[in-house]
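Structure, as structure tokens:
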Amino acid sequence: MQYIATINESECVGCNRCVPACPVDAIVGTISMTHSVITDECIGCKLCVTPCPTNCIDITLLEKEPSKEQRVLRASLAKTRHINKLKRLASIQAPLLPNFTSEKEKKIIIKDYIKSALTRTRTLETKIEAHEA
């Protein structure tokens, strides 16, 4: 059985939460605009359903069962699209990562980052507790 996602465009608010959830970039759209599923690329994995706040994404069963050859081809194309997505995301994030001169420097920077994140978390928790009181 082959499933695909469909988006009820009249209910879509363009929150963009479904786009990063799709492992094969089968959902197109931009923030505050209606999104659409490229049905030929959708693998029916259902990963886009959970992040959708308006429940405008449905998973439907294809009426015609694809042949074995078609399933093999779709799987191969999906794998290629997933790898391409990972490469694209890596190229976006790579410039954000610092170039470490040594392993020691790397450990110090990571340790400082974690310490900073924990401090931010504690500060937020304190603010939330104060607000709830």
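Heads up, the sequence shown is in my numbering, so the first residue is 1214 and it goes up one at a time. All residues carry an ideal CB built from backbone N, CA and C; glycine is no exception. Quick caveat, the model's predicted, so the values are computed rather than measured.
To which residues of the same chain is residue i closer than 6 Å at the C-beta, ignoring the five residues directly before and after it?
| i | result |
| --- | --- |
| cysteine 1255 | Ile1217, Ala1218 and Ala1239 |
| histidine 1295 | Pro1236 and Val1237 |
| serine 1245 | Gly1227 |
| isoleucine 1251 | Ala1239 |
| aspartate 1271 | Thr1219 |
| phenylalanine 1313 | Lys1319 |
| lysine 1281 | none |
In the DSSP output, which residue or residues are listed as bridge partners for residue i?
| i | result |
| --- | --- |
| leucine 1274 | Tyr1216 |
| serine 1249 | Val1241 |
Are residue i and residue j close, meaning C-beta to C-beta below 7 Å?
| i | j | result |
| --- | --- | --- |
| threonine 1247 | glutamate 1222 | yes |
| cysteine 1269 | cysteine 1225 | yes |
Can you give the beta carbon distance from residue i to residue j, rounded, assuming they're within the 8 Å contact cut?
| i | j | result |
| --- | --- | --- |
| leucine 1275 | glutamine 1215 | 4 Å |
| isoleucine 1261 | alanine 1234 | One point to set straight first is that residue 1261 is cysteine, not isoleucine, in the sequence displayed. Contact holds; Cβ gap of about 5 Å. |
How long is the line joining the alpha carbons of residue i and residue j, rounded to whole angstroms?
| i | j | result |
| --- | --- | --- |
| glycine 1242 | proline 1266 | 16 Å |
Tell me which residues share the same chain as residue i and place their Cβ nearer than 8 Å to its Cβ, disregarding the 5 neighbours each side in the sequence.
| i | result |
| --- | --- |
| arginine 1230 | Pro1264, Cys1265 and Pro1266 |
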